[in-house]
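Chains as they are written, first to last, in the working numbering: chain A, 2 to 483; chain B, 2 to 483. Each residue gets a CB set at the ideal place from its N, CA and C atoms; glycine is no exception. Reading through the structure tokens given below for one structure.
Number of protein chains: 2
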Amino acid sequence: MDTGRRLRAGALLRLFGNWKPGRRDIASSIQGHITQLVCDGRLPFGTHLPSERDLARELGVSRTTVAAVYDRLRASGHVETRQGAGSCVARGPADTSEVATPWYPVGTHAEIDLTQAALPAPTELFADLLARAAPAASRYGEGHGYYLYGLPELRAAIARRYTDRGVPTTASQILITTGAQNALALSLAATLRPGSRVLVEHPTYPNALAAIRRFGGNCVPVDLEPAGWDCERWREAVREARPDLIYCVPECHNPTGLTMPEDCRARLVDIARLAGAALVVDETLTDLTLDEPSPAPLSRFAREGMLLLSIGSLSKVFWGGLRVGWMRGPEAFIARAAAVKATLDMATPVLEQILACYVLAELDAIVAPRRAQLRANRAALMDILATSMPSWQTATPTGGISAWVRLSAPVATRLSEVSRKCGVVITPGPLFGIDGSFEDYIRLPLTLTNEMLPEAMRRLVHAWATVRDTRAVEPPTLVATV
Amino acid sequence: MDTGRRLRAGALLRLFGNWKPGRRDIASSIQGHITQLVCDGRLPFGTHLPSERDLARELGVSRTTVAAVYDRLRASGHVETRQGAGSCVARGPADTSEVATPWYPVGTHAEIDLTQAALPAPTELFADLLARAAPAASRYGEGHGYYLYGLPELRAAIARRYTDRGVPTTASQILITTGAQNALALSLAATLRPGSRVLVEHPTYPNALAAIRRFGGNCVPVDLEPAGWDCERWREAVREARPDLIYCVPECHNPTGLTMPEDCRARLVDIARLAGAALVVDETLTDLTLDEPSPAPLSRFAREGMLLLSIGSLSKVFWGGLRVGWMRGPEAFIARAAAVKATLDMATPVLEQILACYVLAELDAIVAPRRAQLRANRAALMDILATSMPSWQTATPTGGISAWVRLSAPVATRLSEVSRKCGVVITPGPLFGIDGSFEDYIRLPLTLTNEMLPEAMRRLVHAWATVRDTRAVEPPTLVATV
């Protein structure tokens, strides 16, 4: 499958982090790196790989070694080669583990998955809300079922939540979307042109970067480290890049867990306004602040004549499988985004939206125990990190579902590759950055409870020791996750 | 709201159909035409309208008249004007009718809506299936809820349906999407580049045209009239246009209701293959053939080395509010489309997919009574058209949910404008075409039962008489729809 994206050998090597050919089994090491890059999405399906000759030269290894690597990658299904067309990234072996246990997706993997920063649904409440939503669903079934803007009662309920947060909002300013990602995609599709520059926090949410690129934008990173949002830096970045759009995650930022201070908010809005840039504010995690309540939303500072879009969803506060999100914006823009939505998926499912109405009505009761659980998980994670990995540095996240962990060496890609062999899957930092940044970071989720956390850390520590010692990997005995 | 699309006066006039300034109330006539074009989507939100001077000159009316029209359109909310930036299409007045009756979207409008070719859900069965799906939903709630490719059991069930139709298929060749529109969008996003040429049947489904344009494609029409698919014409069109993709609806084509003959199918696939063009086959309506069973699916004729994608959904056979569709294609392409999906909406909702599993298990039982009802509706529509509008010509649709009605004069846009005032909303032909074609067609749905059909036709006949006589419109007494 040819996406037309051709990767040069030098660019591939940069994605390897600080890889150097060791003495033992170089082919396996190269194969592991490439497999990892395919699995975590940094080498998208269809990417043209460099020729064997070029890659061999760049890596400083023999062509025979690279040929062997490509052979193995073909055998594992991660690469396909066509006569005359070179080698492309393929999907990898079919994900048969999913199929093995119908109706029951959790607990079937021997691997502990630390890549999903997502909580399960509150299952009893879920069943209860579903039962309550069913009669309304049947009544809606008497109609045609297409609601381009969303169900009126859901739009109104979300507008009320904004109003309650101090941002007077009418239902006509709300567009219901199929999750927050859909809201982001619509925001981008309705504003960007090919070559538009988009300012993003650096690091930031990987699927935001992918969506910006999908709609023709060029991501311009503004560093968050070490002190969070530096308004002067943003002002300069705007002056230099003259962006069409600024994307920010001001609460419980993913992956850092930072929350933008109150005094920065009005200033950032002002910077966007003066630059004539649209400002897309991702509030997906706003309800999951763990210490202080959220500061005033950025939309409080919006002024006439600027385009400020807030996006949110129930995926993080209720359940990722409930794909209901929204966009809040000027009514005329909402109409424009809806016209885009008609081309992408026509409308968000009705049943989901009815359920979302019931979830919203109970949201405070849903959020309170989740916060308590995340606080406990956070404490446990920070404790175990301090004890077992004292050389790593982690600022305590102020909210959200993840911690941004700084390693004591820039080996995140290699660590994630070795971790997988040790039975724990982690997300390496460069996924959250541009051009291979954050090789000294990994993201860990706050979703593991005390039961699972020790085993996950045991495996991670083992992987770390392996990476530091660059010894061969001896996988520990696997314990099935429950 | 500025989409950057600027419409010249001449182009706007072409969209008016065969409009000529009459003697009475020219401003109202122009206003009505523009409102209609905004309402049916041919003037998308954000389109820049021509200046008053240019439009006045093109229409052959005074500038004062056009100024009055723009004033009224601003007052009605269909146009907004900014100092120095000219006039743009706005959304129009907020759709408050939706909000009036929470939880019960049907039967609240005094207008009879003939624009939605969609049936209600089989409501009793819907409630039953929902109750049966609930326990599985709760179990899934224990997991993270993200299934980029779709639930394994749904993928397997859809693969089985293809296999049963004579196209051996594995679950790994299926991507679950948020309705067929989502499947189409993913197909296009993963194949088109800016300027790609896409061959389409002419007329065709309006949202397909919009999606092709959204992803940078140029639509190249291949006429279906008068005799359906003419393979020689397709071969020539491919030779001339050298398209990257061909989009076709071979069963129960929307809007014509035509079904592609058996002998044409292998040939069309061959034409696509030889041209190296991807072939996207929209089978959304395949299960709703009303006379003969569907011929062999086009995918039966696919050969190694070509990209043939089939898309389908449950929206038409079960309910539009259930937004579950799919794409069938080569496994490597499915992976590529899934990577696009991650940027557009992450995943299709889990609850919808579980319900879809139950719907699929009952599909034959669901489809049989729907077909019977559509056959009865079709007979009633053809009868009443023959009786009350003998000058119109309608080929009996072989399936699907709509009839393509040829008027005896090219006045579809005007007729749709007047119809609205008479209490019945219809879709004018040009919505299904490129560059203002099909001004002598309207689409009528097969969804009206004997109860509603006579009243809908009474209003339509009245509108027709008004258009033909170019007399002032006297709205008939409205009867609330039930």
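Do residue j and residue i have their beta-carbon atoms positioned less than 8 Å apart in this structure?
{"i": "Thr428 of chain B", "j": "Arg415 of chain B", "result": "no"}
{"i": "Thr448 of chain A", "j": "Ala57 of chain A", "result": "no"}
{"i": "Val90 of chain A", "j": "Leu50 of chain A", "result": "yes"}
{"i": "Gly330 of chain B", "j": "Gln174 of chain B", "result": "yes"}
{"i": "Ala272 of chain B", "j": "Trp235 of chain B", "result": "Here the sequence assigns Ile to residue 272 of chain B, which means Ala is not the residue at that position. Cβ atoms of Ile272 of chain B and Trp235 of chain B: closer than 8 Å."}
{"i": "Pro195 of chain A", "j": "Gly217 of chain A", "result": "yes"}
{"i": "Leu14 of chain A", "j": "Arg43 of chain A", "result": "no"}
{"i": "Arg324 of chain B", "j": "Ala348 of chain A", "result": "yes"}
{"i": "His34 of chain B", "j": "Glu418 of chain B", "result": "yes"}
{"i": "Cys249 of chain B", "j": "Asp283 of chain B", "result": "yes"}
{"i": "Val425 of chain B", "j": "Leu364 of chain B", "result": "no"}
{"i": "Pro207 of chain A", "j": "Leu386 of chain A", "result": "no"}
{"i": "Tyr147 of chain B", "j": "Gln84 of chain A", "result": "no"}
{"i": "Met307 of chain B", "j": "Arg274 of chain B", "result": "yes"}
{"i": "Ala212 of chain A", "j": "Ala238 of chain A", "result": "no"}
{"i": "Leu291 of chain B", "j": "Arg376 of chain B", "result": "yes"}
{"i": "Leu310 of chain A", "j": "Leu299 of chain A", "result": "no"}
{"i": "Asp346 of chain B", "j": "Asp346 of chain A", "result": "yes"}
{"i": "Ala366 of chain B", "j": "Leu315 of chain B", "result": "no"}
{"i": "Ser420 of chain A", "j": "Ser409 of chain A", "result": "no"}
Return the CA-CA distance between residue i and residue j, expressed in angstroms with no decimal places.
{"i": "Gly87 of chain B", "j": "Leu8 of chain B", "result": "12 Å"}
{"i": "Ser98 of chain B", "j": "Thr399 of chain A", "result": "Any reading at Ser98 of chain B must be qualified, since the residue scores a pLDDT of 30, below 50, and its modelled position is unreliable; the value itself is stated next. Taking the straight line joining both Cα atoms gives about 43 Å."}
{"i": "Trp104 of chain A", "j": "Val351 of chain B", "result": "Here the model assigns Trp104 of chain A a pLDDT of 24, short of 50, so the residue's position is not dependable and the matter cannot be decided."}
{"i": "Gly144 of chain B", "j": "Thr179 of chain A", "result": "19 Å"}
{"i": "Val260 of chain A", "j": "Val223 of chain A", "result": "The amino acid occupying residue 260 of chain A in the given sequence is Thr; Val does not appear at that position. Roughly 16 Å between the two C-alpha positions."}
{"i": "Asp114 of chain A", "j": "Ala278 of chain A", "result": "38 Å"}
{"i": "Val70 of chain A", "j": "Val62 of chain A", "result": "11 Å"}
{"i": "Gly151 of chain A", "j": "Gln354 of chain A", "result": "8 Å"}
{"i": "Leu411 of chain B", "j": "Ala10 of chain B", "result": "Looking at the sequence provided, one finds Pro at residue 411 of chain B rather than Leu. Rounded to the nearest angstrom, the two C-alpha atoms are 20 Å apart."}
{"i": "Arg372 of chain B", "j": "Leu382 of chain B", "result": "15 Å"}
{"i": "Val100 of chain B", "j": "Asp288 of chain B", "result": "Unreliable positioning characterises Val100 of chain B in this predicted model, as indicated by a pLDDT of 26, which lies under 50. The coordinate reading is nonetheless provided below. So the alpha carbons of these two residues sit roughly 34 Å apart."}
{"i": "Leu210 of chain A", "j": "Thr285 of chain A", "result": "16 Å"}
{"i": "Leu454 of chain B", "j": "Ser295 of chain B", "result": "28 Å"}
{"i": "Thr395 of chain B", "j": "Ile435 of chain B", "result": "21 Å"}
{"i": "Glu475 of chain B", "j": "Ala158 of chain A", "result": "Low per-residue confidence applies at Glu475 of chain B: pLDDT is 43, beneath 50, and the placement is therefore not dependable, though the value from the model is reported in the following sentence. Those two C-alpha atoms are separated by around 40 Å."}
{"i": "Val468 of chain A", "j": "Asn451 of chain A", "result": "26 Å"}
{"i": "Asp129 of chain A", "j": "Ala369 of chain A", "result": "18 Å"}
{"i": "Ala122 of chain B", "j": "Arg266 of chain B", "result": "32 Å"}
{"i": "Pro477 of chain B", "j": "Glu112 of chain B", "result": "Unreliable positioning characterises Pro477 of chain B in this predicted model, as indicated by a pLDDT of 44, which lies under 50. A coordinate reading is not provided."}
So if DSSP puts residue i in a beta bridge, which residue, or which two residues, is it bridged to?
{"i": "Glu202 of chain B", "result": "B:Val223"}
{"i": "Glu81 of chain B", "result": "B:Cys89"}
{"i": "Gly61 of chain A", "result": "According to DSSP, which records beta bridges pairwise, Gly61 of chain A is partnered with nothing at all."}
{"i": "Thr395 of chain A", "result": "A:Val406"}
{"i": "Met390 of chain A", "result": "In the DSSP output, where bridge partners are listed per residue, Met390 of chain A has none listed."}
{"i": "Asp231 of chain A", "result": "None, per the DSSP bridge assignment."}
{"i": "Tyr442 of chain A", "result": "A:Arg407"}
{"i": "Ala400 of chain A", "result": "Going by the sequence as given, residue 400 of chain A is Gly instead of Ala. Beta-bridge pairing links Gly400 of chain A to A:Thr290."}
{"i": "Met328 of chain B", "result": "B:Leu176, B:Ile312"}
With a threshold of 7 Å (Cβ to nearest heavy atom), would residue i be considered close to the ligand ADP?
{"i": "Ile159 of chain A", "result": "Looking for the ligand ADP in the displayed structure turns up nothing, as the structure carries no ligands at all."}
Worksheet entry | Against chain B: residues of the segment 162–185 of chain A by CB proximity under 7 Å | Under the 7 Å Cβ criterion, the segment 162–185 of chain A contributes Ala172, Ser173, Thr179, Gly180, Gln182, Asn183.
Item to complete: Can you give me, in chain order, the residues of the segment 141–152 of chain B that have a beta carbon less than 9 Å from any beta carbon in chain A?
Response: Within the segment 141–152 of chain B, the qualifying residues are Tyr141, Gly142, Glu143, Gly144, His145, Gly146, Tyr147, Tyr148, Tyr150, Leu152.
Worksheet entry | alpha helix (DSSP H) segments (min. 4 residues) lying fully within the segment 247–321 of chain A | DSSP runs (the alpha helix (DSSP H)) wholly in the segment 247–321 of chain A: 263–276.
Item to complete: Output, in sequence order along the chain, the residues in the segment 305–325 of chain A whose CB is closer than 7 Å to any CB in chain B.
Response: Across the segment 305–325 of chain A, CB contacts with chain B closer than 7 Å involve Trp320, Gly321, Gly322, Leu323, Arg324, in sequence order along the chain.
Fill in: Short-range partners of chain B found in the segment 117–131 of chain A, where Cβ spacing is below 7 Å
Gln117, Ala119, Pro121, Ala122, Thr124, Phe127, Ala128, Leu131: these are the residues of the segment 117–131 of chain A whose beta carbon lies less than 7 Å from some beta carbon of chain B, given in chain order.
Item to complete: Taking only beta carbons into account, state which residues of the segment 285–297 of chain A come closer than 9 Å to chain B, listed in chain order.
Response: Of all residues in the segment 285–297 of chain A, none comes within less than 9 Å of chain B when Cβ atoms are compared.
Discussion item. My parser needs the beta strand (DSSP E) runs of 3 or more residues fully inside the segment 126–155 of chain B; what are they?
Written reply: If we require 3 residues or more, the segment 126–155 of chain B turns out to have no beta strand (DSSP E) run fully inside it.
Worksheet entry | Residues from the segment 206–217 of chain B in contact with chain A, defined by Cβ distance under 7 Å | Of all residues in the segment 206–217 of chain B, the ones placed with a Cβ closer than 7 Å to any Cβ belonging to chain A are Asn208, Ala211, Ala212, Arg215, in chain order.
Worksheet item: Quick one, which residues of the segment 432–459 of chain A are near chain B if we go by CB-CB under 9 Å, in chain order?
Response: The segment 432–459 of chain A vs chain B, Cβ under 9 Å: Thr448.
Item to complete: Note down, one range per segment and in chain order, each alpha helix (DSSP H) of at least 4 residues found wholly within the segment 152–184 of chain A.
Response: The segment 152–184 of chain A contains these whole alpha helix (DSSP H) runs: 153–165.
Worksheet item: At a Cβ cut of 9 Å, what residues of the segment 398–428 of chain B count as close to chain A, listed as they run along the chain?
Response: Close to chain A, meaning a Cβ-Cβ distance shorter than 9 Å, is no residue of the segment 398–428 of chain B at all.
Worksheet item: Which residues, in order along the segment 47–66 of chain A, keep a beta-carbon less than 8 Å from a beta-carbon of chain B?
Response: Listed by position, the residues of the segment 47–66 of chain A near chain B (Cβ gap below 8 Å) are Gly47.
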